Amino acid sequence: MPVALFVLWGLASAFSWVNPYLLPSPGSVYSAFIELVKDGTLFDHVGASLGRAFGGYLAAACFALPMGYFFAKYESLHVQSRLVLESLRMIPPLSLIPLLILWLGIGELAKLTIVLLASFFPIYLNAYSGFKQLDYRYGELAKTLNLNTFEKIRHIEFPGALPAVFTGLRLGFGYSWRALVSAELIAASSGLGYLISDASEMARTDQVFVGILMIAVLGIIGDTLFQRAIRKVAPWSVK
Amino acid sequence: MPVALFVLWGLASAFSWVNPYLLPSPGSVYSAFIELVKDGTLFDHVGASLGRAFGGYLAAACFALPMGYFFAKYESLHVQSRLVLESLRMIPPLSLIPLLILWLGIGELAKLTIVLLASFFPIYLNAYSGFKQLDYRYGELAKTLNLNTFEKIRHIEFPGALPAVFTGLRLGFGYSWRALVSAELIAASSGLGYLISDASEMARTDQVFVGILMIAVLGIIGDTLFQRAIRKVAPWSVK
Amino acid sequence: APDQINIAYVKDPFNLQNIVMKQHQSLEKEFQKDGIKINWVSINSGAQQAQAMAAGSLDVSAVMNTASLLMANGAGNKVLVATGVARPTQVFAVVGKAGQQMKIEDLKGKKVAGPKGTVLHQVLVAALKSKGMSINDVEFIQMDPSKAYAALMGKHVDAALLAASLIIKSNQAGAKTVVTADGLVNPLLVMAVSEKFAKENSALLERIVKVHRQTTKWIYENYDQAIAMGAKEAGVSLQDADKLAKWSHYFDVITDEDLQSLKSDQAFLLENDMMQNKVNTDQLVLPIARQ
Amino acid sequence: MSAVSLRNVSFRYPGHDNWILNNFSLEIKEQKVLAIIGKSGCGKSTLIRLIAGLLQPNEGIITTQSSHQLGMVFQDPRLLPWKTVFENVALPIRNESIEYQKRIVREVLELVGLSHTESYYPSELSGGMAQRAALARALVQSPDILLMDEPFGALDAITRAQIQMDFEKIQQTKKMTVVLITHEVNEAVRLADQVLVLGNTKILDALSVDLPHPRAVTDLHVIQYAANVLNLLTNS
Amino acid sequence: MSAVSLRNVSFRYPGHDNWILNNFSLEIKEQKVLAIIGKSGCGKSTLIRLIAGLLQPNEGIITTQSSHQLGMVFQDPRLLPWKTVFENVALPIRNESIEYQKRIVREVLELVGLSHTESYYPSELSGGMAQRAALARALVQSPDILLMDEPFGALDAITRAQIQMDFEKIQQTKKMTVVLITHEVNEAVRLADQVLVLGNTKILDALSVDLPHPRAVTDLHVIQYAANVLNLLTNS
Ligand SMILES: Nc1ncnc2c1ncn2[C@@H]1O[C@H](COP(=O)(O)OP(=O)(O)OP(=O)(O)O)[C@@H](O)[C@H]1O
Ligand SMILES: Nc1ncnc2c1ncn2[C@@H]1O[C@H](COP(=O)(O)OP(=O)(O)OP(=O)(O)O)[C@@H](O)[C@H]1O
Ligand SMILES: [Mg+2]
Ligand SMILES: [Mg+2]
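Protein chains in written order, with the numbering used here: chain A, 269 to 507; chain B, 269 to 507; chain C, 25 to 315; chain D, 179 to 414; chain E, 179 to 414.
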């Protein structure tokens with residue numbers, strides 16, 4: 269299927285079915301790619317974006333997983349913070365950019381926060397519902413085995429919630445990539461998101477496509493590594 | 269907690285701890301709200317946005333749920349389409365706007381597509397993993413009971429996957445709201461997202477806040493209704 | 025004195041002075057002896073520049089359009105003019121759909137896409153007015169230029185308000201320019217500074233302005249070299265770079281005429297509900313900008 | 179005629195080397211009760227799952243008449259947690275009219291002593307109650323072939339005897355083809371026309387029980403047969 | 179001295195009106211085996227869960243010595259699906275050294291006849307094997323109080339007799355306090371010092387079994403006692 273799409277793209281360009289100013293030919297995208305690789309800027313962009321996407325993602329995971337766990341466990345915490353969390357979940361991060369600039373300035377922190385806001389909720393909500401749906405029978409077992417909190421998480425709750433947690437982590441990872449364009453609207457001078465919006469401003473559609481394809485390719489590589497890792501760590505979770 | 273935040277906001281404004289240009293006072297937000305209500309534009313914005321958010325969301329759900337189901341069932345379908353789907357999942361919708369305009373024009377279709385792209389993946393991936401993780405023992409039961417495909421979905425697979433599906437639907441709903449700002453960057457003349465970006469461009473921070481708060485409030489109401497509905501339809505899924 | 029200056033780097037639409045100033049590290053050199061660090065931050069959006077100034081993250085913007093500057097001031101965020109940069113009359117244009125050459129009159133009843141409240145919008149209004157029409161005679165669709173460009177290429181609109189490279193690209197795609205800002209409005213790009221910085225560090229500001237003016241001079245003296253630099257940075261061909269530079273009309277000292285166009289800009293913004301409070305535009309221009 | 183026939187069936191679980199059944203043949207007679215006993219882990223459940231078509235043999239063929247309706251009681255109750263007892267039990271007759279469903283389900287719940295728990299969810303049942311509900315679900319449609327994997331294992335002696343008796347009666351009228359896995363030698367002899375002793379990969383012994391129904395556990399003949407079976411089991 | 183004492187305990191499940199235990203008192207003697215029998219659904223599992231502290235009584239108090247270690251065999255095997263048999267069984271002694279764990283776990287798996295399935299996941303076990311793994315998990319730490327809810331229910335007669343015998347031996351040396359729920363009257367009489375017949379909400383009858391260990395099911399005294407218990411059960 270990807271091959272078919274690629275062929276279609278080639279044909280569409282070759283026979284000028286579509287406007288080449290909006291959908292550049294594979295050839296011109298390739299030469300834009302080579303050009304960007306040669307002058308080294310592509311690596312700068314990739315480097316900057318990788319840092320932001322992973323940084324924001326890791327931060328999101330670090331907040332979201334414990335929150336999901338504790339909120340599932342102590343429903344009152346969940347109820348308490350529901351309004352604030354749900355608001356944050358619904359509010360478009362793009363609209364928060366001015367406030368983020370106010371509080372966090374125009375440096376990396378604001379960009380990381382945009383990524384964090386984008387990827388936090390799938391991780392959090394999936395963890396929450398994963399921990400919430402745990403089979404109570406294993407909870408009883410934990411009690412008779414005298415497991416302490418940490419042991420209970422390790423032996424019972426985490427493995428039990430893992431399928432849901434894993435889905436959340438995968439989703440969050442995707443959203444952290446997606447958020448790059450928004451994040452790099454804030455005073456960025458490098459990064460794939462910046463490349464895309466800058467090139468788009470200058471009608472360099474070929475460069476836009478290089479940016480899009482890089483994001484897609486890196487994202488897929490990341491997702492694949494991710495799935496490998498989980499298969500290693502928790503073979504039971506992926507039948 | 270929401271109350272505490274509100275009080276903090278009031279105090280911050282009253283004592284000018286922060287720049288009112290970036291964080292307007294509750295009073296000025298309120299009067300902007302009244303102003304927008306009086307001239308009736310707020311209702312237009314809300315109406316337009318509700319239509320888009322729900323339209324895109326419903327479309328996303330209509331595609332994502334069956335896809336999640338069939339891909340979980342027929343792994344080869346999943347493998348086949350993985351590259352394309354994962355690419356779409358990673359690519360920032362903002363960067364696709366020019367292409368969407370090219371193909372879908374500047375009407376509602378392009379906006380709905382942005383909303384769809386934003387909310388599709390949580391629904392799809394959660395449904396996929398929900399259906400994938402189904403207890404095989406109930407599948408055996410279905411076989412001995414001679415359930416046909418539809419009966420199997422109705423009695424066994426759907427209820428079994430429901431907790432995961434529900435989390436996906438909730439997440440997707442949030443993202444459909446969030447996508448409004450991006451969606452309404454495409455040639456919109458009304459909608460809360462338009463209100464926010466327009467007001468932000470014109471330095472009308474008070475109106476920006478009206479827009480943000482409306483999105484948050486409507487989103488929370490939607491989420492609450494949603495949870496009520498699920499509790500009615502499937503009481504077993506929320507213990 | 026501060027130990028660093030945060031200054032916005034704005035390369036679009038083809039701001040050659042800024043490009044050269046950064047490449048030559050002129051400011052870095054100027055302030056090296058004082059131990060002051062220059063932080064370039066890339067922010068293209070005028071609105072975002074103003075927000076960053078309000079938040080204290082930005083001191084100076086090398087290039088800001090006057091509409092953003094006026095709107096910020098109208099909302100109480102004091103941003104002042106430090107010196108002139110360009111009067112890019114041909115950099116802003118109304119471009120028609122590929123195919124026929126449209127005249128302004130032909131726009132009647134047509135779909136025109138572009139960004140509201142900007143010079144481009146102003147150009148459209150002025151052009152229509154010059155033929156006895158108003159903005160209500162066209163179907164105006166709010167979009168930023170890169171999206172308007174896409175809509176024009178996809179033939180979903182009849183005309184688009186475009187700037188700089190987008191004009192060149194659309195012309196190459198067969199779309200014909202209907203009218204430019206030339207003779208209709210006087211678009212102004214200026215160097216802007218937050219009121220706080222202007223007050224507290226006027227000496228530093230003077231030196232920044234001085235470097236900027238030296239750069240402008242250098243560009244006219246070493247035109248080919250400057251064009252090559254700009255072409256590379258903006259990712260356009262030498263020809264296009266030359267075209268863009270010619271369209272831009274770089275300058276430095278603000279004239280009475282410029283003050284007048286600031287006034288008419290404000291009138292336009294007020295008229296279109298883009299500004300709430302009128303400000304005294306003369307007071308927005310610092311004395312150094314005029315010498 | 180055979181209701182089910184297995185010919186030269188071999189089976190092992192994917193990823194495991196050991197054969198559970200090896201070149202295994204068996205004819206299951208129409209309208210008769212076949213009891214299977216054997217040590218824990220010898221392959222009884224695997225055999226019944228092969229017959230039900232839930233597993234595919236690596237070699238050999240298994241034939242059942244396609245017109246035959248199948249009922250199955252798994253070794254675990256396998257009730258759907260999102261359905262009440264009533265809804266679980268009504269599942270096999272889901273296409274009948276509501277009135278019919280109500281009547282029949284109540285009848286069969288009465289039989290297994292669960293009348294009062296119609297509206298309970300499975301999580302609210304005791305172990306034995308869940309097992310009885312599963313039995314009720316299998317009986318509700320009077321299947322042509324009934325496969326039961328230790329259907330009475332979690333019941334106390336009294337309840338068990340009661341249900342055995344009721345089942346014997348039903349079988350006398352309905353004449354289903356039954357495969358019954360059990361650990362209770364008495365139960366096997368009381369209910370079955372033939373008792374099969376299963377060992378690793380093969381049948382160790384078979385014994386026909388030629389006694390008239392209804393049989394009583396206290397009947398001397400039954401006791402005699404039971405002693406024989408226990409002997410077979412012990413010596414195997 | 180009592181290992182566990184229940185005083186005037188009443189319990190009903192939240193949202194249900196019927197009392198499972200009502201004003202229920204019981205002393206469980208240290209180092210003795212108490213067998214509980216009773217009809218399906220009468221409240222045996224509920225009682226054992228109250229003793230284990232998994233449920234809280236609505237009224238009355240339950241006291242156990244806090245220093246006492248608890249072992250429990252649930253009515254379902256309740257093995258963790260993400261752990262192998264070895265890992266599941268080693269869970270109660272997770273804080274001991276690896277060498278010790280290996281030694282002890284292998285010993286106890288040997289005892290229940292699961293040596294060859296150390297590395298199996300629970301989904302690869304037969305019903306009886308899973309139950310034996312659960313039993314092994316409870317025995318691995320030689321708890322002070324051992325609560326067992328039908329621990330041998332899914333085993334065939336031979337394996338069951340074998341494990342009963344082994345358990346009797348262990349109990350003779352370890353002298354745990356044991357509560358054993360069972361449906362097998364013979365089993366109760368063979369293993370227990372006292373047999374309790376539980377009915378709805380209360381104890382119907384109690385019987386001390388004063389026979390020396392080891393006991394054989396074929397012993398006449400045992401048969402006599404078993405007949406008595408069955409009588410109690412039938413008449414209750
Ligand atoms: N979670 C629950 N919620 C409501 N009622 C319950 C729950 N668990 C058990 N019951 C009810 O309590 C009663 C006693 O159940 P319990 O499991 O104690 O029986 P039992 O004696 O162990 O039976 P069995 O021998 O069948 O296992 C039953 O009527 C059952 O329906
Ligand atoms: N899913 C599986 N994967 C691998 N091995 C399995 C699987 N299921 C069962 N086995 C193995 O197959 C053998 C037979 O299992 P089966 O469940 O048929 O035994 P059984 O005779 O029903 O025993 P029990 O009386 O204990 O229920 C066992 O050794 C078991 O370990
Ligand atoms: Mg079995
Ligand atoms: Mg029980």
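Ideal Cβ placement from N, Cα and C applies to all residues, glycine included. Predicted model, so just to flag it, every value in this text is computed and none were measured.
query                                                                                                                                                                                                : result
Just list the beta strand (DSSP E) runs in the stretch 221 to 282 of chain D, keeping only unbroken ones of 3 residues or longer that don't cross its boundaries, in chain order.                    : 237 to 242 and 248 to 251
Between the stretch 377 to 385 of chain A and the stretch 443 to 450 of chain A, do three or more beta carbon pairs fall short of 8 Å?                                                               : yes
Might you give, ordered along the chain, the residues of its own chain that have their beta carbon closer than 6 Å to the beta carbon of residue 463 of chain A, omitting 5 neighbours on each side? : 313 and 479
Please list the partners that residue 212 of chain E has in chain D, where partner means a Cβ-to-Cβ separation under 8 Å.                                                                            : Near residue 212 of chain E there are no residues of chain D at all, since even the closest Cβ is about 17 Å away, more than 8 Å.
Mind pulling the beta strand (DSSP E) runs of 3 or more residues that sit fully within the stretch 376 to 408 of chain E?                                                                            : 380 to 386
At the 9 Å Cβ level, is residue 319 of chain B part of the contact set with chain D, yes or no?                                                                                                      : no
List in chain order the residues whose CB is within less than 6 Å of at least one heavy atom of ligand 4.                                                                                            : D:304, D:305, E:222, E:223, E:253 and E:327
Exposed or buried, what is residue 398 of chain E when buried is set at 16 or more other beta-carbons lying within 10 Å of its beta-carbon?                                                          : exposed
For a cutoff of 9 Å on Cβ pairs, would you count residue 502 of chain B as touching chain D?                                                                                                         : yes
According to DSSP, what are the bridge partners of residue 244 of chain C?                                                                                                                           : Partner(s): none; residue 244 of chain C has no beta bridge.
Using a Cβ-Cβ cut-off of 8 Å (strictly less than) and excluding sequence neighbours within five positions of residue 198 of chain C, which residues of its own chain qualify?                        : 122 and 123
Identify the residues that DSSP records as bridge partners of residue 183 of chain E: which are they?                                                                                                : E:205 and E:241
Among D:409, D:182, D:329 and D:344, which has the Cα closest to the Cα of residue 247 of chain D?                                                                                                   : D:182
What does the alpha-carbon distance come out to for the pair residue 395 of chain E and residue 364 of chain E?                                                                                      : 7 Å
Could you check the C-alpha separation between residue 415 of chain B and residue 384 of chain E for me, to the nearest Å?                                                                           : 49 Å
At 3 residues or longer, and completely inside the stretch 349 to 373 of chain E: list those beta strand (DSSP E) runs for me, N to C.                                                               : 355 to 359
Measure the C-alpha to C-alpha separation of residue 307 of chain E and residue 388 of chain A and round it to an integer number of angstroms.                                                       : 43 Å
Do the CB positions of residue 63 of chain C and residue 31 of chain C come within less than 9 Å of each other?                                                                                      : yes
For residue 191 of chain E, is the beta carbon positioned less than 8 Å from some heavy atom of ligand 1?                                                                                            : yes
Using 9 Å as the threshold, is the C-beta distance between residue 275 of chain C and residue 187 of chain C below it?                                                                               : no
Whole angstroms is fine: what's the gap from residue 355 of chain B's alpha carbon to residue 483 of chain A's?                                                                                      : 8 Å
Skipping 5 residues on each side, what residues in its chain have a beta carbon closer than 6 Å to that of residue 498 of chain A?                                                                   : 434
Can a CB atom of chain E be found closer than 9 Å to the CB of residue 377 of chain D?                                                                                                               : no
Under 7 Å, CB to CB, which of the residues in the stretch 238 to 258 of chain C have a partner in chain B?                                                                                           : none
So what's residue 189 of chain D in DSSP terms, helix, strand or just coil?                                                                                                                          : strand
Who are the neighbours of residue 449 of chain A on chain B, taking C-beta pairs under 7 Å?                                                                                                          : 360, 362 and 363
Is residue 489 of chain B buried or exposed, if buried means 16 or more other CB atoms sit within 10 Å of its CB?                                                                                    : exposed
Near residue 268 of chain D, what residues of its chain come up, given a Cβ to Cβ distance below 6 Å and the 5 sequence neighbours on each side ignored?                                             : 279 and 283
Please specify which runs of the beta strand (DSSP E), each continuous and at least 3 residues long, are wholly inside the stretch 405 to 430 of chain B, giving them in chain order.                : none
Here's a check: name, in chain order, each residue in its chain whose Cβ is nearer than 8 Å to the Cβ of residue 407 of chain E, leaving out the five neighbours to either side.                     : 215, 363, 366, 367, 373, 375 and 385
Closest Cβ-Cβ distance between residue 374 of chain A and chain C: below 9 Å?                                                                                                                        : yes
Relative to the alpha-carbon of residue 238 of chain D, which residue among D:209, D:348, D:320 and D:186 has its alpha-carbon at the smallest distance?                                             : D:186
On a CA-only basis, which of C:129, C:289, C:130 and C:98 is nearest residue 210 of chain C? Give me that one, please.                                                                               : C:289
Could you tell me whether the Cβ atoms of residue 249 of chain E and residue 316 of chain E are closer together than 9 Å?                                                                            : yes
Mind checking which residues open and close the alpha helix (DSSP H) that includes residue 319 of chain A?                                                                                           : 309 to 341
Between the stretch 344 to 359 of chain E and the stretch 317 to 329 of chain E, can you find at least three pairs of beta-carbon atoms closer than 8 Å?                                             : yes
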